[in-house]
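In the numbering used here, the protein residues as written are 39 to 277.
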């Protein structure tokens with residue numbers, strides 16, 4: 039009877055071990071593949087960006103962020119896959135420590151950004167303004183700015199007057215865009231016909247407008263939050 043109970047206990051332990059092992063393998067493999075795809079997309083985007091590069095700031099190059107994120111995901115997930123396949127205790131521990139380090143770095147970055155929030159806001163707004171200056175020359179930034187302005191119904195970094203820094207939207211410019219803002223600043227209904235000149239002569243008027251800085255923060259927050267949740271789940275599997 040005791041022998042049967044011992045065998046049943048070993049069977050349950052073995053089954054639990056296999057379930058945990060294959061869950062970790064599947065999870066690590068999925069993130070390994072995703073990391074590889076993100077890395078490939080980032081490299082492709084950076085190659086394309088270099089053809090039309092006008093800005094030197096890495097902050098304004100989402101392709102750089104994709105490459106860094108892809109490398110981290112690919113390498114860390116690869117360690118997890120190899121460790122779980124080979125049942126290597128040292129690699130599993132290294133995997134856990136790496137995840138813990140990533141979590142610590144994310145938390146530290148959040149705390150530092152909160153402590154130096156004024157400097158952080160100034161840094162981000164300055165970079166957004168630099169992007170606005172080269173809005174029509176940097177397709178990478180243009181797509182992000184348009185998306186943020188439409189999604190969050192905002193205009194500019196600090197306010198809509200930031201668009202006066204763009205050579206085409208400056209009130210001293212000779213063209214039809216002078217003293218105006220891009221049509222993505224306009225708040226419209228889905229049924230409305232798109233009017234690309236809806237922001238005509240807006241800069242020299244008093245207009246109620248929401249700043250786009252929170253939108254950029256929210257987009258960044260979503261990326262960090264998803265990474266943080268994934269890190270927590272992987273760490274739970276190891277413990």
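Glycine included, every Cβ here is placed at the ideal spot set by N, Cα and C.
Practice problem: Kindly examine the ligand GTP and report whether one of its heavy atoms sits closer than 7 Å to the Cβ of residue 217. | Solution: The ligand GTP is not part of this structure, which contains no ligands at all.
Quiz item: Which of helix, strand or coil does DSSP assign to residue 232?
Solution: Residue 232: coil per DSSP, three-state reduction.
Quiz item: Of the choices 115, 64, 54 and 56, whose alpha-carbon is the least far from that of residue 76?
Solution: Nearest option by C-alpha distance: 115.
Exercise. Report all residues from its chain with a CB closer than 6 Å to the CB of residue 173; omit the five preceding and five following residues, and keep chain order.
Key: So the qualifying residues of the chain are 180 and 204.
Quiz item: Is residue 83 near residue 104, with beta carbons less than 8 Å apart?
Solution: Yes, these two residues count as a Cβ contact at 8 Å.
Quiz item: In chain order, what residues of the same chain lie with their CB nearer than 7 Å to the CB of residue 3, ignoring the 5 residues before and after it?
Solution: Missing from the structure shown is residue 3; the chain here goes from 39 to 277 and no further.
Quiz prompt | Which of helix, strand or coil DSSP assigns to residue 184 | solution = Look at residue 184 here: in three-state DSSP terms it is helix.
Quiz prompt | Reference residue 111; option with closest CA among 67, 158 and 183 | solution = Per the Cα distances, 67.
Quiz item: Do you know offhand how far residue 135's Cα is from residue 57's?
Solution: Straight-line measurement puts the Cα of residue 57 at about 22 Å from the Cα of residue 135.
Quiz prompt | Among 122, 195, 133 and 176, nearest to residue 161 - alpha-carbon criterion | solution = Taking only the C-alpha atoms, the option nearest residue 161 is 195.
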